[in-house]
Amino acid sequence: MNTADVGHVCTMGGLGEPCGELQAVTGGLLHRVWRLTTSQGTFALKQLNAAIVREPATLDTYRMSEKIARLMADQGLPAVAALPQAAGDVIYSLDKQALLVYPWIAGQTLTCANVDLEAARALGALLAQLHAVKLTIPELPAFEWKHFHDDDWDILTFQASDLNLPWANPVRSLLPQLLEWTRAYEEAGTVLGQHMLVSHTHCEPGNVIWSAENRPWLIDWEAAGWMNPTMELVSAALTWSGIATGQPREEIFSAILEGYTSAGGVIQDSGRDALHGFMGTWLGWLLFTMRRSLGESVTSEEEEQIGIRETSQTVAMLRLLAAHEASWIALVERWR
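In terms of the UniProt record's numbering, the sequence shown has 213 at position 213, counting the first letter as 1, and numbering is strictly consecutive.
Written out as structure tokens, the structure reads:
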């Protein structure tokens, strides 16, 4: 973004006069984030990925997710919602760019390695509060359980093999398990889909800022929408316990479930169904990263390399989940 772009954003949103240069904020695999200081305060600018924005209806999806964040904030939850421009739209359009503007939240994010039991219980309590709201949004599209096609795995691995991508053979050899996990996810969906509510859906370490008072603030609501509450709880517990690192901590997993139930949350569905639903989420991410590494929905070679890296990491995590499935299911059942 250049100086003129920054000035235009400030004018559109009534943000005051810019002070100094934009500061790039690290983190995020799809979008760029900047810290903007003006005469009226400090803001976070999210510059949406150009390839993603080109897809039909994407901006309307962002508008809906930000509406959900705003409604949650109106209910007193620590949800960070986008600031609308003077015309009322939360999308700031500049030539071929699309941006969202947020109030800057002072604090830090935690990694899976340094989250402690107190923070884990606080996260569980926050999820219980989210699930207690039970938002009603008439214009929110009806829930549809995401489906995968067997041919997708076959075709994408062949394409990757032709390009000599490093993940081609490992994923190809995993095809029987991928199909098995897909079936388990589909079966879980018939149960989980009966108990849905509107929530954040992606409560992972990078999406929670901890203030000086150790209060968690939920950011990045772009995936907000319909979610099964047990699946969201188990997803958060697995993610925060460090499942992606290969060395998950059971005590953090249990502390999140403890915080949830202590705050009034009810674990309605089985651990098995919730775990299989979580695996389905990562199957979807695996397909997305495979396609990115093949050059779909990217604008640079760097984004393709991110897709290659994320594909390999996601495969490793799915293997780990499957290997320890029984242990995680048993932990969930203890708190039901």
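Glycine included, C-beta positions come from ideal geometry on N, C-alpha and C.
Per DSSP, reduced to three states, the secondary structure at Lys-67 is helical.
Sequence-distant Cβ neighbours of Leu-321 in its own chain, meaning closer than 8 Å and more than five residues away, are Leu-238, Ile-243, Leu-275, Phe-278, Met-279, Trp-282, Trp-328.
Between Leu-233 and Leu-130, the alpha-carbon positions lie close to 11 Å from each other.
Looking at the backbone, the Cα of Leu-156 and that of Gln-305 are separated by about 16 Å. Residue pairing by DSSP places Met-1 in no beta bridge whatsoever.
The C-alpha of Glu-187 lies about 49 Å from the C-alpha of Gly-41.
Cβ-Cβ separation between Cys-19 and Thr-38: approximately 6 Å, consistent with a contact (criterion under 8 Å). DSSP lists Val-198 as the beta-bridge partner residues of Trp-226. For Leu-45, the enclosing beta strand (DSSP E) stretches over residues 41-47. Distance between Leu-15 and Ser-312, taken at the CA atoms: about 42 Å. Counting other Cβ atoms within 10 Å of its Cβ, Glu-144 stays below 16 and is therefore classed as exposed.
Under the Cβ criterion (8 Å, minimum of three pairs), the stretch 255-270 counts as touching the stretch 122-129. Collapsing the DSSP output to three states places Arg-249 in coil. Within the same chain, and ignoring the five residues on either side of Ile-308 in sequence, the residues whose Cβ sits closer than 7 Å to its Cβ are Leu-165, Pro-166, Trp-167, Ser-293.
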